[in-house]
Amino acid sequence: MENDYIMRQIKLAGEGIGMVLKKKVSSETLGEIQKENGEFVSRMDLILEYLAKGKFDESFVLVNSLKYKMSVLDFQNVSCWFIKQLKHVQDHYSEKLTNEIIDHYQILLNDLL
37 MENDYIMRQI KLAGEGIGMV LKKKVSSETL GEIQKENGEF VSRMDLILEY
87 LAKGKFDESF VLVNSLKYKM SVLDFQNVSC WFIKQLKHVQ DHYSEKLTNE
137 IIDHYQILLN DLL
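Under this note's numbering, think of the first position of the sequence shown as 37, with each following residue one higher.
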């Protein structure tokens, strides 16, 4: 099967797609942000901190501000990561963070992509 040209091409395409889909979101991907006091903090840490405190709008603004600073693919990965994080904390904030709110954030993140 490896000797078949078409099968090799399909395998290579599949491996390439797999590499793209496996891309992880890290602190390096999101970069740093300067706080009011002048110190720099990881944007990822700040987003996670906001989510832990139930500050969903603030965390959304941080993610959405990356929309035009990243490639479309990178921003889609970050958006998916953010939505997963929202769903992860949803149990703790079930009245404040409904499925409709998460869907609304998803729509806003996908706008203009």
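Using N, Cα and C, we set each Cβ at its ideal position, and we do this for glycine too.
Predicted model, so just to flag it, every value in this text is computed and none were measured.
Are there 16 or more other CB atoms within 10 angstroms of the CB of residue i, so buried, or fewer, so exposed?
| i | result |
| --- | --- |
| Asn188 | For the chain, the structure presents residues 37 to 149; residue 188 sits outside this window and is missing. |
| Phe76 | exposed |
| Ser107 | exposed |
| Met37 | Note that Met37 scores 47 on pLDDT, short of 50, meaning its location in the model is unreliable; the coordinates nonetheless yield the value given after this. Met37 comes out exposed. |
| Tyr141 | buried |
| Leu109 | exposed |
| Ile143 | exposed |
| Ile42 | exposed |
| Ser95 | buried |
Can you give me the Cβ contacts of residue i inside the same chain, cut-off strictly under 7 Å, excluding the 5 residues immediately before and after it?
| i | result |
| --- | --- |
| Glu68 | Phe76, Val77, Ser78 and Arg79 |
| Gly90 | Tyr129 and Lys132 |
| Lys71 | Val77 |
For residue i, which residues in the same chain have their Cβ closer than 6 Å to its Cβ, ignoring the five residues on either side in sequence?
| i | result |
| --- | --- |
| Phe118 | Val99 |
| Gln121 | Leu87 |
| Leu84 | none |
Bridge partners for residue i per DSSP, in chain order?
| i | result |
| --- | --- |
| Ser78 | Glu68 |
Looking only at its chain, what residues have a beta carbon closer than 8 Å to the beta carbon of residue i, apart from the 5 residues adjacent to it on each side?
| i | result |
| --- | --- |
| Lys123 | Ile138 |
| Lys136 | The sequence given here has Glu at residue 136, not Lys. Correct list: empty, nothing qualifies. |
Is the closest heavy atom of the ligand NAD to the C-beta of residue i under 7 Å?
| i | result |
| --- | --- |
| Ser115 | Looking for the ligand NAD in the displayed structure turns up nothing, as the structure carries no ligands at all. |
Inset, instruction - Decide yes or no for the touch test of the region 101-118 against the region 127-134: beta carbon pairs closer than 8 Å, at least 3 of them. - result: No, the region 101-118 is not in contact with the region 127-134.
Legend entry - Continuous alpha helix (DSSP H) assignments of at least 4 residues falling wholly in the region 88-142: With a minimum length of 4 residues, the continuous alpha helix (DSSP H) runs that stay inside the region 88-142 are 92-100 and 108-125.
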